[in-house]
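Trainee: Under numbering that gives the first Met the number 0, think of the first position of the sequence shown as 0, with each following residue one higher.
No residue lacks a Cβ here, since even glycine has one placed at the ideal position from N, Cα and C.
Quick one: structure below, then a few questions.
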Amino acid sequence: MDVRQISECATWEALADRVMAPLPQRWIYGETAKRLGREVRRLCIFDDTGPIATPIAIAQIVMRTKFGMRTSLLSRGPLFLPECPQHIQRAALTSVRRALPFGVHLMTCETRLRRIGLTAAPEVVELDLSQELASLRAGMHGKWRNALKNAESTRLKVAQLQPSPGVLMPLLRTEKSRQAKGRYRGLPPEFMLAVQDVAPKSLRLFSASDAQMLFVIHGTSASYQIGHTGSEGRALNAHNLILWEAIQRLKSEGVLRLDLGTLDRNKAPDLARFKLRSGAQARHLAPAALM
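Below, the structure written as structure tokens:
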């Protein structure tokens, strides 16, 4: 197998779109990591056994050095293209590891590749936006849909805000406080500020009453990142209305899949229930492991 570094955004994103890559395997994620002082490598693995080398997998790795030890992290990858037979996936992963500098090589893979898990398997929830709007609405849990109807019957209107640093800061401060209290883990708010600096056009911020939700568009997919609601928004089911409006607008922009993030049924049961009842589907990823 041949491993090549990809240095052009268009080339990388074309490959990533073929597998509707999640945010950690997107160009803007790597550029944001660089802005925060990390080293990034974008690798494409080719099967060179035939007359023409065929790309079969991609892997974006974020690296950092601390106390003299280099750690390489492959999040939500490698991603295998349709041309990659299952029986050579482990060999492709080995090729990725050999292409990296000496150090600790960690990964959180989409599927388990016969590696010993170091953590529990995370659970993510995703919404298929390739469906018609009527089908998306019909797929909602009855209680979630009724809450949406109630919100629609009020004076609430959803506004899309320009996500400038000043507009984002109150939401990010609230998120930082929640994460500090250990309610759940996610990307640090500082990362979203860096995304705003690197790729401001990728952010979508929606607001209604005292509630907000922030999304990132990356190619043909998008990710929900941060949300917050106050007492009024909670009483009026503002997040139901915001998410439904976001679904419609993201779909109109060509987004085919919306990643609603991880589920923590123990620490954040209300948030998990909200996501699942929206009609999204949950699935387990592989646990963190050594490459």
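By Cβ distance below 6 Å, which residues in the same chain neighbour A193 in space, the five residues on each side in sequence not counted?
Mentor: The residue labelled residue 193 in the question sits at position 194 within the sequence shown. Cβ neighbours of A193 beyond the five flanking positions: T31, R34, L35.
Trainee: For M168, does the three-state DSSP call read helix, strand or coil?
Mentor: The residue you call residue 168 lines up with position 169 of the sequence shown. In the structure shown, M168 sits in a helix (DSSP, three-state: H, G or I).
Trainee: Could you work out which residue in H238, Q224, G165 is closest to S230 when comparing CA atoms only?
Mentor: Counting from 1 along the sequence shown, the entry for residue 230 is found at position 231. Ranking H238, Q224, G165 by Cα distance to S230 puts H238 first.
Trainee: In whole angstroms, what is the alpha-carbon distance linking R41 and I5?
Mentor: Mapped onto the sequence shown, residue 41 falls at position 42. Mapped onto the sequence shown, residue 5 falls at position 6. Distance between the alpha carbons of R41 and I5: 6 Å.
Trainee: Per DSSP, which residues does Y223 bridge with? Please list them.
Mentor: On the sequence shown, residue 223 is found 224 positions in, with the first residue counted as 1. F214, per the DSSP bridge assignment.
Trainee: Quick check on the DSSP output: the beta strand (DSSP E) that includes P54 runs from which residue to which?
Mentor: The residue labelled residue 54 in the question sits at position 55 within the sequence shown. Unbroken beta strand (DSSP E) run through P54: 53-65.
Trainee: Assign P84 to buried or exposed, taking buried as 16 or more other Cβ atoms, counted over all protein chains shown, within 10 Å of its Cβ.
Mentor: As a working note, residue 84 is residue 85 in the sequence shown. Burial call: exposed.
Trainee: Check the Cβ-Cβ distances between E252 and every residue of chain C, and say whether any is below 8 Å.
Mentor: Note that chain C does not occur in the displayed structure, where there is just one protein chain.
Trainee: Grab the span of the beta strand (DSSP E) containing C43 for me, first residue to last.
Mentor: The residue labelled residue 43 in the question sits at position 44 within the sequence shown. First-last of the beta strand (DSSP E) with C43: 38-46.
Trainee: What's the C-alpha gap between M106 and R69?
Mentor: The count along the sequence shown starts at 1 and reaches residue 106 at position 107. The count along the sequence shown starts at 1 and reaches residue 69 at position 70. About 14 Å.
Trainee: From R276, L171, G218, pick the residue whose C-alpha is nearest to that of E252; which is it?
Mentor: Counting from one through the sequence shown, the residue named residue 252 turns up at place 253. Among R276, L171, G218, the Cα nearest to that of E252 belongs to G218.
Trainee: With DSSP as the reference, please indicate the residues paired to Q85 in a beta bridge.
Mentor: In the sequence shown, residue 85 corresponds to position 86, counting from 1. Bridge partners of Q85: none, in fact.
Trainee: What are the complete beta strand (DSSP E) segments, minimum 3 residues, inside the stretch 96-164?
Mentor: The qualifying runs are 103-107, 122-127, 158-160.
Trainee: How should T228 be labelled, buried or exposed, when 16 other C-beta atoms within 10 angstroms of its C-beta is the threshold for buried?
Mentor: Translated into the one-based positions of the sequence shown, residue 228 becomes position 229. With 16 or more Cβ atoms within 10 Å of its Cβ, T228 is classed as buried.
Trainee: Hey, T110 and A285: beta-carbon distance below 8 Å or not?
Mentor: Counting from one through the sequence shown, the residue named residue 110 turns up at place 111. Counting from one through the sequence shown, the residue named residue 285 turns up at place 286. Closer than 8 Å, so yes.
Trainee: Looking at C-alpha atoms only, which residue of K148, R3, F190 is the closest neighbour of L99?
Mentor: Position 100 of the sequence shown holds residue 99. Nearest option by C-alpha distance: R3.
Trainee: Would E125 pass as a contact of L270 if the rule is Cβ separation under 8 Å?
Mentor: If you number the sequence shown from 1, residue 125 lands on position 126. If you number the sequence shown from 1, residue 270 lands on position 271. No.
Trainee: For D47, collect the residues of the same chain with a Cβ closer than 6 Å to its Cβ; drop the 5 residues on either side in sequence, then sort them by chain order.
Mentor: As a working mapping, residue 47 is identified with position 48 in the sequence shown. These residues qualify, in order along the chain: D1.
Trainee: Kindly indicate which residue of S277, L275, L112, A150 has the alpha-carbon position closest to the one of S208.
Mentor: Translated into positions along the sequence shown, residue 208 becomes position 209. The candidate whose alpha carbon is nearest that of S208 is A150.
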